[in-house]
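First the structure, in the form of structure tokens, and then the observations on it.
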Amino acid sequence: MSVSTTTAPTAPPSPRGRRGGRAPAAPSGGRRRRPPLLLLLPAAVILIPLVAYPIYQLGLLSVLDFGQAQASGGAPTSFVGFGNYAKILNDGQFWSVLLQTVGFAAFCVLATLAVGATLAVLLTKVGRWPRLVLTTAAMAAWAAPAMTGSTVWSFLFDTNLGLVNHTLVKLGLTGFHEFNWFYDKWTAFLIVGAVVVWHSFPFVMVTLYAGIRAIPEEIMEAAALDGANTWTTFRRITAPMLRPILTIVVIQSVIWDFKVFTQIYVMTEGGGIAGQNLVLNVYAYQKAFASSQYGLGAAIGVIMLLILVVPTVLYIRTLRRTGNEL
Amino acid sequence: MRLNRRAAAAAVLAAGCLAATACAPGTAAPAGDKAADDRTGTLQVWLYNEAGNAAKEAVIGKAVSEFQASHQGVTVKVSYIDTDASARAAKMKGAFNDPNSAPDLVEFGNTDLPGYVAAGGLAEIGADLDTWQDKGDLDPAIARTAVVDGKTYGLPWWVGVRALFYRTDLFTEAGLTPPTSYAELVTANRKIHAAHPDTFGIAIGGKYTFGALPFVWDAGGDIATKDGSAYKAAINSPASQAGIKRYTDLFGDDGCPAQQCADLTGGKTVDLFAAGKSAMAILPNSSRSKVDAGAVKGTYGVVPLPGEKPGSVAPAFAGGNNLGVMKAAKHRTLAVEFAELLAGPMYQEQMYDAMGNLPTLKSVSGKVAAKDAFLKPFTDTIAAGTRFVPLDQAWAQIDAQAVIPTMLQQVVTGKADVAKASGDAANQITSAFAAH
Chain D
36 MSVSTTTAPT APPSPRGRRG GRAPAAPSGG RRRRPPLLLL LPAAVILIPL
86 VAYPIYQLGL LSVLDFGQAQ ASGGAPTSFV GFGNYAKILN DGQFWSVLLQ
136 TVGFAAFCVL ATLAVGATLA VLLTKVGRWP RLVLTTAAMA AWAAPAMTGS
186 TVWSFLFDTN LGLVNHTLVK LGLTGFHEFN WFYDKWTAFL IVGAVVVWHS
236 FPFVMVTLYA GIRAIPEEIM EAAALDGANT WTTFRRITAP MLRPILTIVV
286 IQSVIWDFKV FTQIYVMTEG GGIAGQNLVL NVYAYQKAFA SSQYGLGAAI
336 GVIMLLILVV PTVLYIRTLR RTGNEL
Chain W
28 MRLNRRAAAA AVLAAGCLAA TACAPGTAAP AGDKAADDRT GTLQVWLYNE
78 AGNAAKEAVI GKAVSEFQAS HQGVTVKVSY IDTDASARAA KMKGAFNDPN
128 SAPDLVEFGN TDLPGYVAAG GLAEIGADLD TWQDKGDLDP AIARTAVVDG
178 KTYGLPWWVG VRALFYRTDL FTEAGLTPPT SYAELVTANR KIHAAHPDTF
228 GIAIGGKYTF GALPFVWDAG GDIATKDGSA YKAAINSPAS QAGIKRYTDL
278 FGDDGCPAQQ CADLTGGKTV DLFAAGKSAM AILPNSSRSK VDAGAVKGTY
328 GVVPLPGEKP GSVAPAFAGG NNLGVMKAAK HRTLAVEFAE LLAGPMYQEQ
378 MYDAMGNLPT LKSVSGKVAA KDAFLKPFTD TIAAGTRFVP LDQAWAQIDA
428 QAVIPTMLQQ VVTGKADVAK ASGDAANQIT SAFAAH
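Line by line, the protein sequences are chains D and W.
Going by my numbering, the first residue of the first sequence is number 36, and it counts up by one from there.
Going by my numbering, the first residue of the second sequence is number 28, and it counts up by one from there.
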């Protein structure tokens, strides 16, 4: 306001400002709109070269026949229009892998939420030491690189030398002698899913724990004084107050779990027996990048981008709405 | 005002594009006209950094001293590059994309050749090799692994082939002699696994492409056959299907349980045999040190992998490394001369002594086999005739997309029969050739 009052005397009053009854802030609408654009500039300087330009390149590559020969100048680059897209969309395997990816991501999201939420509630109920131990353990899982975690879990479930099989046999379950967990599609997905959950539940746990902690004591106290029981308190106070956080956590998990690569690639050695454990990201790698078909790979990238735009837009909208509420 | 904002956004976008120099995918200028032929200066050489590389470096060091002594004003600089598949691919792509930082001479795996040729990275050296005194001594089947579309792009430096390793103690116990035909292989597989349920008759894998291909080749089949100038998928031909069936029949309760063998790679079968977990395995000569370091040291023998016909040898895959001159080389003649020195009889023999890699020259091959009885089954296998994958860049795609392992695994796990699985594989092979 101080700015507008100092500029007001020197600037001729704008007809619009007078009509709208607002403070005569700027000589024209254009000047008044400029500051937000300037404020966006720092973000644009970072985002355009780091995000927009690569996406542009991805889109461009996806309509070209571009392999290693083209990259190193051994063959001319040619425009193939939507040829790469047609190739993928006509590939029966793409659709089955897409379906599998959606199913696997859904399983991972639900399991991550269940584990994360349960442990978050548990954290609020236990004493200081158990809480410290649990938090430290979760942080360690969170901090473990996906590559390391996957490798260690592969060792645990190794057919011949794994601790899991060894223990199960020791417990009398002789059927697990040299049992190959990755032979069957579903047990393989189960193990990999467990590792994905192990890697991602700490985020959910910590976020929800913080959310529960942020609920003011007074409200809980007031509810107690009004005679609300535990269930009512949860239903009428905790759940509604956590909903924005829950939404963000769900959407973020959807994005993460849809993009799973490392765990599948490492644990099932590139997609499992006869490709039974492929997910979209690994499929893109096998189909295109491993054999330097960059154009085809870019087209798969664009398709994944379009699919992920939906939850991302939802995420951003939720975030903004949460911002308004707080 | 709206226009202003849009113009500003466009300007920012354009500035971003300019900052990143170009708005199109990067393409290197063709290296063709940049090649030079300086006779002095530094010759840049890239060789593979292998297990036990110190021994290799010692031999190469001697060759470098000899070369520098006979070439005034020439320095040879050898760099050892990471042999890991993706690391070396990235390194070579870098060299192709930026000719200025490319070396003169490179060592490369012979299956990588068609891709490198298609990328325009290697120089044709057929004419240069015509004057090489040892050219006639090269094994012809191995020499062909450096030829794409009738042009020679490399000098075969060493090879590795696979043969059948078997446990002498288990064979004696079962009253068996080493198999000389496929039928005997099947009998041994079944008999030993039945007597020792925890031991595989033969350790093979669903991901072991080069363990399976000898069976396909022996049956008269192939991955693809050259029809005029174009390759045509042949993996689903009746002969190929018979070979696939012979390989996949070795899995299951008869010898290599599907549960445990379906996802094995060739490398894992080395570990299993070395640990005493299997009575037989199809292993390359280079796995000798690993096997000797395991539990079966001193209780195993090696014979050529038998074919269907009694006494025949199933054709082995001629894996190995070539030396090639880069198209962007600045010292073309020197590069060829240094390659000829390294691949000459003296250094091939020294390289065998240092690394255990098989020579590509017939005379040296005979010499080392006479020196070391262990090598005889391998040199016999080479002499019986080796085979190779299609020399086309489509092979890189077929390999990367795991077409052959997927086919084998479908059969081994019972997800598809041989006809269906090989038909699917043929479709993928056909589309890979169509894409290049």
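All C-beta atoms, glycine included, are put in the ideal place defined by N, C-alpha and C.
Everything numeric in this text was worked out from a predicted model, so none of it was measured.
Residues that DSSP places opposite residue i in a beta bridge
i                      : result
residue 187 of chain W : W:346
residue 388 of chain W : W:165
residue 113 of chain D : D:100
residue 464 of chain W : With chain W represented from 28 up to 463, any question about residue 464 of chain W goes unanswered, as that position is not in the structure.
residue 73 of chain W  : W:106, W:133
residue 68 of chain W  : W:101
residue 192 of chain W : W:308, W:329
residue 182 of chain W : W:350
residue 358 of chain W : W:64
residue 278 of chain W : W:283
residue 328 of chain D : D:102
residue 175 of chain W : W:178
Buried or exposed by the 16-neighbour rule on C-beta atoms within 10 Å, applied to residue i
i                      : result
residue 109 of chain W : exposed
residue 413 of chain W : buried
residue 375 of chain D : The displayed coordinates of chain D run from 36 to 361. Any statement about residue 375 of chain D would go beyond what the structure contains.
residue 21 of chain W  : No answer is possible for residue 21 of chain W: it lies beyond the span of chain W, which begins at 28 and ends at 463.
residue 234 of chain D : buried
residue 267 of chain W : buried
residue 124 of chain D : exposed
residue 241 of chain W : buried
residue 290 of chain W : buried
residue 460 of chain W : buried
residue 114 of chain D : exposed
residue 224 of chain W : exposed
residue 12 of chain D  : Since the first residue shown for chain D is 36 and the last is 361, residue 12 of chain D is missing from the structure and cannot be characterised.
residue 355 of chain D : exposed
residue 115 of chain W : buried
residue 469 of chain W : This structure does not reach residue 469 of chain W, given that chain W is present from 28 up to 463, and the question cannot be answered.
CB contact below 7 Å: residue i versus chain W
i                      : result
residue 134 of chain D : no
residue 325 of chain D : yes
residue 159 of chain D : no
residue 379 of chain D : Since the first and last residues shown for chain D are 36 and 361, residue 379 of chain D lies out of range.
residue 103 of chain D : yes
residue 321 of chain D : yes
residue 349 of chain D : no
residue 62 of chain D  : Bear in mind that a pLDDT of 48 at residue 62 of chain D, under 50, signals an unreliable position, so the number given afterwards is only what the model happens to contain. No, residue 62 of chain D does not count as interfacial toward chain W.
Residue-level contact to chain D via CB, residue i, 7 Å cutoff
i                      : result
residue 138 of chain W : no
residue 278 of chain W : no
residue 268 of chain W : no
residue 166 of chain W : no
residue 124 of chain W : yes
residue 298 of chain W : no
residue 428 of chain W : yes
residue 5 of chain W   : With chain W covering 28 to 463 only, the question about residue 5 of chain W has no answer from this structure.
residue 289 of chain W : yes
residue 147 of chain W : yes
residue 48 of chain W  : In this predicted model, residue 48 of chain W has a pLDDT of only 43, less than 50, meaning its place in the structure is not dependable enough to derive any value.
residue 61 of chain W  : Any reading at residue 61 of chain W needs caution, since the residue's pLDDT is 48, under 50, leaving its predicted position unreliable; the model's value is listed next. So, not an interface residue.
Practice problem: Please list the residues of the segment 105 to 124 of chain D that have a C-beta atom closer than 8 Å to any C-beta atom in chain W, keeping them in chain order. | Solution: 105, 106, 107, 108, 109, 110, 112
Practice problem: Ignoring anything shorter than 4 residues or poking outside the segment 114 to 156 of chain W, list the alpha helix (DSSP H) runs there in chain order. | Solution: 140 to 145
Quiz prompt | Against chain W: residues of the segment 291 to 310 of chain D by CB proximity under 9 Å | solution = 303, 304, 305, 306, 307, 308, 309, 310
Quiz item: Which residues, taken in chain order from the segment 405 to 425 of chain W, show a beta carbon closer than 7 Å to some beta carbon of chain D?
Solution: 423, 424
Quiz prompt | chain A contacts made by the segment 207 to 233 of chain D, where a contact means CB separation under 8 Å | solution = Here chain A cannot be found, since the structure's protein chains are D and W.
Quiz item: At what residue ranges does the segment 255 to 307 of chain D contain a whole run of the alpha helix (DSSP H), taking only runs of 4 or more?
Solution: 265 to 268, 274 to 293, 297 to 302
Quiz prompt | Proximal residues, the segment 164 to 183 of chain D versus chain W, C-beta separation under 7 Å | solution = none
Exercise. Anything in the segment 76 to 110 of chain W with a Cβ closer than 9 Å to a Cβ of chain D? List those residues in chain order, please.
Key: none
Quiz item: For the segment 434 to 459 of chain W, which residues have a beta carbon sitting closer than 7 Å to at least one beta carbon of chain D?
Solution: 436, 437, 440, 442
Quiz item: Looking at chain W, which residues of the segment 183 to 200 of chain D have a Cβ within less than 8 Å of any of its Cβ atoms?
Solution: 194, 195
Quiz prompt | Contiguous beta strand (DSSP E) assignments of at least 3 residues, all confined to the segment 182 to 262 of chain W | solution = 182 to 187, 189 to 194, 227 to 230, 251 to 254, 257 to 260
Practice problem: Compile a chain-ordered list of the residues in the segment 222 to 233 of chain W whose CB is closer than 7 Å to at least one CB of chain D. | Solution: 233
Exercise. Check distances from the C-beta atoms of the segment 162 to 191 of chain W to those of chain D and list, in chain order, the residues that come in under 8 Å.
Key: none
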